[in-house]
Amino acid sequence: MTFKFRWFSSIVIVLAVLGSASSRAAEQVAPDFARPKLHVAYFIPTDRTPEPDRVARLDRVMSEVQRFYREGMKQNGFGPMSFELDRDAKGALKVYDVHGQEPMHSYGRDDSEKVRREVKASLAKDGLNIDRETVVIFELLLEWQGEKAIEVGPYVGGGSSHGGTAWVFDDAKLDPALLASKDPGGCYGGPCSIGQFNTHYIGGVTHELGHALGLPHDCQRDSEQSPKGHSLMGSGNHTYGEQLRGEGPGTFLSAASALPLSVHPLFTGKRKTPVELTCEIADLTALPDKGKLTLAGRLQGGPKAVGVVAYNDAQDIGDDYDALGWISRVDDEGRFRFVIEDLRPVGYELRLVAISESGDRKTFSYRYTVSSDGLADIGPLLESERMQKAMGAFRSRDAKHLAEIAAEAKKQNPVNTGLVRKVEQLLKLLSPIELRAAADLPAEVTAVKIVDLKMEAMEVGYGNPLRNQVRPEEECGVLLEVGGVFFESGLYAHAPARHAVWVNRGWKTLATQFGLQDGHDGTVVFVVKGDGKELFRSRTIRDHKVRQRSIPIAEVDLLELIVENAGDGNSGDWGVWLDPELRR
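As structure tokens, then:
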């Protein structure tokens, strides 16, 4: 499975594909609160023939997945909870055949939205609104070329507690009855046994369904791997059922996955209206010890949370598959407590996810580092906690409260001017920028920030164009930050992006820095053009290092700053231009 379900950008992009399932569910939840069921769709391109045994075989597949979740919930202390499958009056699994509009190779790896759109239209004829249901789409988009299996279409999942979609593959060899087989004839990146083929692809169904249920990635701890195997939402999709062949301990459902599922409507059997969590974290304390960190706090305001999941994600690994999960119940006063262990001497992002009784969630994100002696530096973490308060005031457009937070920060730690600068930047963002045309500036103005100029064009690939900030998201702030460095001036340029400004041959140089916004793992290319001619092109950027460039523009009338997606889709491609400036 090659798709990376990244914590920040990808979850937003997949939920955007779903049309923001939770918000649309809020608009479309009907008075009918009957027990929700998991639905199975079967996607058939025009040049493929449906497998004749699909109903009975997929019944076995989904019953196996149902069993895995039931046992996992029981092992985590929640009882034998699982989802209910959509069945007909005789008890057979309902499989909704969806005949695609195009041949197989018209549906590529990034065509999840395209497939879903066709499935949505078909299911609507059966009275199902895919936006408020959880649906597994088995696609006939796995192609055998001799003994090699090629994944043609999307293989991904995403959703929330109020609806979600998993895109997975079907094949005649997909059958849990074959998990124990060591016979040859399978393929996953290369020849493998039939059992291993089913490990990867039934494991993939189970994993991508987890994403459709709203679960992010999380990894097993070292102490869990030997007795329990791999976490489902880590790499457990590649070890599913391997114990049946004596090839390893297999796959388990982590506590970090079980807690959110314990209030998911598919598991409780009760639909609930989406409720926005407006709680904030108060009284956050952190006590470092060698190799571990004790964290405690209190949730105040908003609907009551049943628990908090902590995802501790080491930043020396580029994705979130390695994030270790910890859970804490919330008492009647909203208090929670974790002891986070297995710390290494690297930087971490700590994500605390509050979960309500309706299954809705709110995420708080913090960063900290661990020294070579295993002790966590909690200074950045506590600064992050103050920034969370500042972001709350910013979202409420409460300038007075922001000013109070800045004053308090100055008083408590006058040496730490970084926090004060960030809070003051949020204050500035509440006021409009007075824009000028580059041609109107007098000759004595020898330098001007591009963000202060009127633009001929401002286009971005996700959200709206923004100056001096990035697109606001629940998990992230809005400030421009690359490699941990904060910039007051810059342009949000999620690929594909284009910013054009008339400079009318009045300036000698464009001086700019650029990079990939922290918290997002995309691949971008930065390009500068003058009157349509390419003046600069960066290499493909995948890291979070700040780069800079000075480009002669004396003969340029129309200057364009462009960010491309590097040819691999624009998931996570949060490019940013930093301090772009025209100089005489």
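First residue of the sequence shown: 1156, per my numbering; consecutive thereafter.
Cβ coordinates follow ideal geometry from the N, Cα and C atoms, glycine included.
Bear in mind that the values here come from a model prediction, so they are computed numbers and not experimental data.
Spatial neighbours of residue i in its chain, beta-carbon cut-off 6 Å, leaving aside the 5 residues before and after
i: N1725; result: G1616, A1650
i: A1327; result: E1206
i: R1490; result: R1453
i: E1538; result: L1574
i: Y1521; result: L1505, L1536, S1539
Nearest-angstrom Cβ-Cβ length linking residue i and residue j, presumed shorter than 8 Å
i: Y1197; j: R1209; result: 6 Å
i: V1578; j: L1646; result: Not really, about 22 Å apart at Cβ, beyond 8 Å.
i: P1235; j: D1266; result: The Cβ separation is near 37 Å, so there is no contact.
i: L1240; j: L1283; result: Rounded, the Cβ-Cβ distance is 14 Å, inconsistent with contact.
i: T1320; j: V1290; result: 5 Å
i: L1248; j: V1195; result: 6 Å
Close Cβ partners of residue i (< 7 Å) along its chain, the five nearest in sequence each way excluded
i: Q1668; result: V1701, R1702, Q1703, L1733, D1734
i: R1692; result: V1680, V1682
i: A1666; result: S1705, E1736, R1738
i: E1302; result: C1342, P1346
i: E1257; result: P1200, T1201
i: G1632; result: M1542, M1546
i: Q1351; result: G1341, Y1343
i: G1389; result: H1372, D1373, C1374, Q1375, Y1476
Span separating the alpha-carbon of residue i from that of residue j
i: I1305; j: G1405; result: 25 Å
i: V1680; j: E1268; result: 25 Å
i: V1464; j: H1385; result: 19 Å
i: D1187; j: S1348; result: Unreliable positioning characterises D1187 in this predicted model, as indicated by a pLDDT of 47, which lies under 50. The coordinate reading is nonetheless provided below. Distance between the alpha carbons of D1187 and S1348: 46 Å.
i: A1721; j: R1264; result: 16 Å
i: T1695; j: Q1672; result: 14 Å
i: D1438; j: E1559; result: 18 Å
i: F1742; j: S1417; result: Residue coverage of the chain in this structure runs from 1156 to 1739, which leaves residue 1742 outside it and unanswerable.
i: P1443; j: A1410; result: 23 Å
i: G1529; j: L1536; result: 16 Å
i: E1643; j: W1299; result: 53 Å
i: V1430; j: G1318; result: 14 Å
i: R1499; j: K1447; result: 9 Å
i: D1338; j: G1391; result: 22 Å
i: D1330; j: R1400; result: 15 Å
i: A1460; j: P1415; result: 11 Å
i: Q1470; j: G1639; result: 12 Å
i: L1582; j: A1652; result: 26 Å
i: D1728; j: P1627; result: 15 Å
i: T1440; j: S1511; result: 22 Å
i: D1214; j: Y1251; result: 12 Å
i: A1554; j: D1712; result: 39 Å
i: H1699; j: G1534; result: 22 Å
i: P1382; j: T1354; result: 19 Å
i: T1201; j: K1609; result: 50 Å
i: L1584; j: A1561; result: 14 Å
i: E1182; j: G1480; result: With a pLDDT of only 36 at E1182, under 50, the local geometry of the prediction cannot be trusted, and the value read off the model is given with reservation. Roughly 32 Å separates the two Cα atoms.
i: A1531; j: G1462; result: 24 Å
i: W1657; j: L1716; result: 12 Å
i: A1612; j: A1592; result: 13 Å
Exposed unless 16 or more other CB atoms sit within 10 angstroms - verdict on residue i
i: H1260; result: exposed
i: A1709; result: exposed
i: R1550; result: exposed
i: N1619; result: exposed
i: E1294; result: buried
i: I1472; result: exposed
i: E1219; result: buried
i: D1686; result: exposed
i: V1216; result: buried
i: E1740; result: An answer regarding residue 1740 cannot be provided, because it is not within the stretch 1156 to 1739 covered by the chain.
i: H1362; result: buried
i: K1517; result: buried
i: K1427; result: buried
i: V1253; result: buried
i: T1678; result: buried
i: V1600; result: exposed
i: Q1567; result: exposed
i: P1191; result: buried
Nonlocal neighbours in the same chain, by C-beta distance under 8 Å from residue i, ignoring five residues either side
i: V1606; result: I1588, R1622, N1623, S1644, G1645, L1646, P1735
i: G1403; result: G1384, T1394, E1397
i: E1140; result: Past the boundaries of the shown model lies residue 1140; the chain is included only from 1156 to 1739, so the question cannot be answered.
i: E1488; result: R1453
3 or more residues per run - each beta strand (DSSP E) lying fully within the segment 1541-1611
Those beta strand (DSSP E) runs which fall completely within the segment 1541-1611 and span 3+ residues are 1602-1604.
Of all the beta strand (DSSP E) runs that stay within the bounds of the segment 1659-1701, which reach a length of 3 or more residues?
DSSP runs (the beta strand (DSSP E)) wholly in the segment 1659-1701: 1664-1671, 1680-1685, 1688-1692.
Note down, one range per segment and in chain order, each beta strand (DSSP E) of at least 3 residues found wholly within the segment 1329-1414.
If you keep only unbroken beta strand (DSSP E) runs of at least 3 residues inside the segment 1329-1414, you get 1339-1342, 1346-1348.
Mind listing, in chain order, the continuous alpha helix (DSSP H) runs of no fewer than 4 residues lying wholly within the segment 1257-1317?
Counting only runs of 4 or more residues that sit fully inside the segment 1257-1317, the alpha helix (DSSP H) segments are 1267-1279, in chain order.
Fully enclosed by the segment 1210-1257, which beta strand (DSSP E) runs are 3 residues long or longer?
Complete beta strand (DSSP E) runs here, min 3: 1250-1254.
In chain order, what are the residue ranges of uninterrupted beta strand (DSSP E) at least 3 long that sit wholly in the segment 1497-1539?
Whole beta strand (DSSP E) segments, 3+ residues: 1502-1511, 1516-1525.
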